[in-house]
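As given, the protein sequences belong to chains G and C, one line each in that order.
Going by the numbering used here, 354 is the number at position 354 of the first sequence; the sequence numbering is gapless.
So the number in the numbering used here is just where the residue sits in the second sequence, counting from 1, plus 512.
Shown next, in structure tokens, is the structure this report addresses.
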Amino acid sequence: MSKERSPFRKVLVANRGEIAVRVMRTCREMGLPTVAVYSDADRGSLHVRFADEAVRIGPPPSRESYLGIDRIVAACQATGADAVHPGYGFLSEKAEFARALQAAGITFIGPPASSMDAMGVKTTARKNMQAAGVPTVPGSASPIASESEARAFADGIGYPVMIKAAAGGGGKGMKKCERGEDFQSLWQSARREAVSAFGDDRLYIEKFLDKPRHVEIQVFADDHGHCIYLGERECSVQRRQQKVIEESPSCILDEGLRSAMGQVAVKAAEAVHYRGAGTVEFLVDARRNFYFLEMNTRLQVEHPVTEMCTGLDLVRMQIQVAQGEPLPLRQEEVVRRGHAIEARVYAEDPSRKFMPCPGRISYLRVPNGPGIRDDSGVYTGWVVPQFYDPMISKLLAWAPTREQAIERLKRALAEYTVHGITVNLTYLKEILDHPAFRSGEYDTGFCSRFEKELLSRPDPRYEQVALIAAAVVAFKRDHDEAEAFAARADGQPGWSQWQRIGRSRTLRGSMR
Amino acid sequence: MSTYVALLDGGRREEAIQIRLKGPGLYEVEVGGKVHEVDAFRHDYGTISLIVDHDSYSVQIDQGGTEAKVHIRGSTYPLEILDERRLRMRRAAGKFTVEGKQTLAAPMPGKVVKILAKLGEDLKEGQGVVVIEAMKMENEMKSPKDGKLVELHVVEGQAVEGGTKLAAVE
């Protein structure tokens with residue numbers, strides 16, 4: 001990699017939804033023209049509007065659009081983009097994508113392909129980390145091909161075990177197996193999810209630790225031999241291995257443990273000659289031992305948590321580093337202030353077993369006010385497609401203390417209005433209100449352990465108000481219909497239908 | 513005066529509401545044995561400012577047909593609101609039951625990735641029948657009752673719309 005690269009002319013964002021919008025926002029601030037890519041399902045997507053140029057890359061299924069390396073390279077060539085930001089998911093952790101871009105003379109805004117190889121396949125990553133002296137969780141040394149072999153291995157290390165996609169990330173293709181009897185169906189389901197999400201069906205097995213917390217360290221490296229850590233994110237509130245709430249600082253880290261984990265994370269990144277933004281994920285057990293879980297060689301969904309605590313723009317730093325510039329700050333210059341929490345807003349219905357709820361958003365109003373950030377990829381009228389991840393937005397709150405940040409996020413969740421589809425807003429609020437979350441004494445088992453308590457019951461105090469509201473609206477509608485009917489029956493001469501429609505449109509703003 | 517009936521808890525509970533127009537935007541509403549003075553003002557889409565006696569509420573109503581989700585102060589109340597005529601029609605149509613043939617329908621658009629039961633197979637309540645993938649997550653559609661799989665309308669790999677009939681158990 002040459003160190004005297006020149007600034008980019010144009011950046012293509014090889015992603016969709018909120019993260020594509022997020023990346024383009026920084027590009028705009030930097031004066032960099034942007035190119036969006038979109039599938040047929042995303043023609044109306046917000047990121048297409050945000051970009052200066054947009055290229056159609058195929059039909060809705062990701063395999064035929066966002067996962068098509070050739071299609072993205074062709075889109076770069078058609079628009080003259082000389083850099084690609086991959087976002088997260090899709091091709092962001094595919095080394096062959098970085099290589100294809102390099103071969104075409106396009107810069108990949110991310111780590112070198114060799115670092116991705118070293119970390120991309122989880123089993124290889126574990127071996128590399130063990131060699132570098134980083135502690136890891138017990139598990140299979142390489143992907144296991146046959147189901148029977150896998151079952152035997154799981155029986156050997158004892159249940160519960162985690163079945164994981166070797167190419168995985170983001171909770172897709174990952175299953176927790178409690179008992180041998182469930183192994184077969186979970187294994188097959190994980191395999192199907194892995195193929196559809198990553199185009200790679202290799203699975204491996206890891207021992208499931210008791211009451212572990214998921215704490216990850218944000219690292220950043222440049223081409224000039226610098227590598228720093230920007231503190232941790234606590235991501236233990238997970239449902240089916242999918243993060244729901246993330247916060248920083250973590251309640252279990254003190255300065256000593258923070259810098260110990262930070263230094264190990266930097267060591268992990270340096271061991272694979274990393275460049276750019278990366279996240280080293282750890283499991284921390286009840287005795288505060290930490291184990292390397294995996295390294296995500298990309299920008300994380302929850303990166304704004306770190307941005308709010310440090311005041312940095314990680315996407316800007318990614319672009320600067322990819323242009324060959326040195327990191328804008330040294331380790332001792334990293335300042336962390338206050339507390340930030342992120343809640344992921346998913347189009348899913350918690351009362352129906354978190355069934356995904358794609359569909360048309362008939363009305364959307366996002367929260368605002370002090371210390372609030374909403375990274376969203378949707379708008380009123382947008383139809384959330386069934387083909388992609390159900391996350392529609394990330395809502396964040398920053399405040400000087402954890403308690404204030406929780407209250408602020410709760411306040412913002414109550415302001416959030418999404419009509420037409422079901423979203424998990426009340427579920428998020430229940431998590432923030434739960435005593436275990438409040439106390440900070442929670443682990444990755446939080447969502448399943450308190451599953452029932454987290455299903456919100458509406459406050460009985462306002463039920464009668466709800467009934468009044470519904471009845472008034474129904475009454476108003478029926479009343480207006482009856483009047484309109486009567487008016488038609490009268491056939492009032494001198495009043496045309498146009499006048500009547502015009503009058504009713506004018507009056508529609510009020511219930512009066 | 514008009515009477516409405518709200519169905520709560522998925523139809524297991526009923527509340528009657530009587531409503532009388534007193535003036536523009538002003539109503540007298542009787543619910544749960546109490547009479548309230550209500551002033552209603554509609555803001556933008558789905559948002560209503562309600563002053564009930566003296567309490568002020570910003571209410572969001574997400575309505576689809578007779579079904580509505582009413583959001584007030586951080587709580588959501590899913591309900592169905594019917595006038596007397598619609599309620600009579602509903603009662604005539606019979607009550608919700610798992611007696612007889614039960615149809616499994618796709619709850620959302622997606623793709624059938626696996627069929628777990630064979631036509632004619634005896635199923636237990638809660639046993640998986642069809643796996644549907646939407647938004648990259650798999651959802652197992654389970655049998656609503658003990659019975660025999662008497663209909664199967666889909667094949668693996670098929671794309672389905674929300675509401676598509678998948679199978680029936682009797």
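From the three backbone atoms N, C-alpha and C, an ideal C-beta is built for every residue, glycine too.
Within the model, the alpha-carbon separation for Met116 (chain G) versus Gly276 (chain G) is close to 12 Å.
Using a Cβ distance threshold of 8 Å, Ile529 (chain C) and Tyr539 (chain C) do not count as a contacting pair. Under the three-state reduction of DSSP, Lys630 (chain C) is assigned to coil, being neither helix nor strand. In this chain, the alpha helix (DSSP H) harbouring Ser114 (chain G) covers Ala113 to Gly120. For Leu591 (chain C) against Ala470 (chain G), the beta-carbon gap comes to about 6 Å, under 8 Å, which counts as contact. For the region 624-651 of chain C, the set of residues with a beta-carbon nearer than 8 Å to any beta-carbon of chain G comprises Val625, Lys626, Val643, Glu645, Ala646, Met647, Lys648, Met649, Glu650 and Asn651, in chain order.
Per DSSP, Phe220 (chain G) lies in no alpha helix (DSSP H) segment; the continuous beta strand (DSSP E) that holds it begins and ends at Arg213 to Ala221.
According to the DSSP assignment, Arg532 (chain C) belongs to the beta strand (DSSP E) that extends over Arg525 to Gly535.
By the beta-carbon neighbour count (other beta carbons within 10 angstroms, threshold 16), Gln572 (chain C) is buried. DSSP places Tyr427 (chain G) in the uninterrupted alpha helix (DSSP H) bounded by Leu425 to Asp433.
Taking 8 Å as the upper bound for CB-CB distance, Gly110 (chain G) and Ala98 (chain G) are in contact here, some 6 Å apart.
When only Cα atoms are considered, Arg71 (chain G) and Leu283 (chain G) end up about 37 Å apart. Following the DSSP letters along the chain, one finds Leu594 (chain C) inside the beta strand (DSSP E) bounded by residues Ser587 to Asp595.
The continuous beta strand (DSSP E) containing Leu678 (chain C) extends over residues Lys677 to Val681.
Taking C-beta atoms under 8 Å as the contact rule, Tyr589 (chain C) and Ala83 (chain G) fail to qualify, at a distance of about 50 Å. A Cβ-Cβ distance of about 7 Å is found for the pair Glu234 (chain G) and Ser248 (chain G), placing them in contact under the 8 Å criterion. Excluding sequence positions up to five before and after Tyr416 (chain G), its CB lies within less than 6 Å of the CB of Pro367 and Leu425, all in the same chain and listed in chain order. At the C-beta level, Arg22 (chain G) and Val315 (chain G) come within 8 Å of one another.
For Met30 (chain G), DSSP assigns no beta-bridge partner whatsoever. The DSSP-derived three-state label of Lys546 (chain C) is strand. Counting only runs of 4 or more residues that sit fully inside the region 261-314 of chain G, the alpha helix (DSSP H) segments are 303-310, in chain order.
Nearest C-alpha to Asp375 (chain G) among G:Leu46, G:Ala118, G:Leu12 and G:Thr34: G:Leu46. Judged by their CB atoms, Gly544 (chain C) and Glu527 (chain C) are nearer to each other than the 8 Å cut-off. Residues of the region 165-197 of chain G with a C-beta less than 7 Å from any C-beta of chain C: Lys172, Ser189, Arg192, Glu193, Ser196 and Ala197, listed in chain order. Contact between the region 141-161 of chain G and the region 317-334 of chain G is not established, with fewer than three Cβ pairs separated by less than 8 Å. According to DSSP, Ile372 (chain G) shares a beta bridge with G:Ala397.
Only Ser456, Pro458, Asp459, Tyr462, Glu463, Gln464, Val465, Ala466, Leu467, Ile468, Ala469, Ala470, Ala471, Val472, Val473, Ala474, Phe475, Lys476, Asp478 and His479 from the region 454-479 of chain G bring a Cβ to less than 8 Å from some Cβ of chain C. Using a Cβ-Cβ cut-off of 8 Å, Thr676 (chain C) does not count as an interface residue toward chain G, since no Cβ of chain G sits closer than that to its own.
Distance from Pro143 (chain G) to Ala166 (chain G) at the Cβ level is roughly 5 Å; contact confirmed, criterion being Cβ atoms closer than 8 Å. With fewer than 16 other beta carbons inside 10 angstroms of its own, Asn289 (chain G) counts as exposed.
DSSP places His583 (chain C) inside the beta strand (DSSP E), whose first and last residues are Glu579 to Ile584. In the DSSP assignment, Pro356 (chain G) forms a beta bridge with G:Glu348. Listed along the chain, the chain G residues whose CB falls inside 9 Å of the CB of Asp658 (chain C) amount to none; the nearest CB is some 21 Å away. For Lys648 (chain C), there is no enclosing beta strand (DSSP E), as DSSP marks it with neither H nor E. Segment contact: the region 619-632 of chain C against the region 659-669 of chain C, three or more CB-CB distances shorter than 8 Å; contact assigned. Contact annotation: Gly87 (chain G) and Ile19 (chain G) have beta-carbon atoms nearer than 8 Å.
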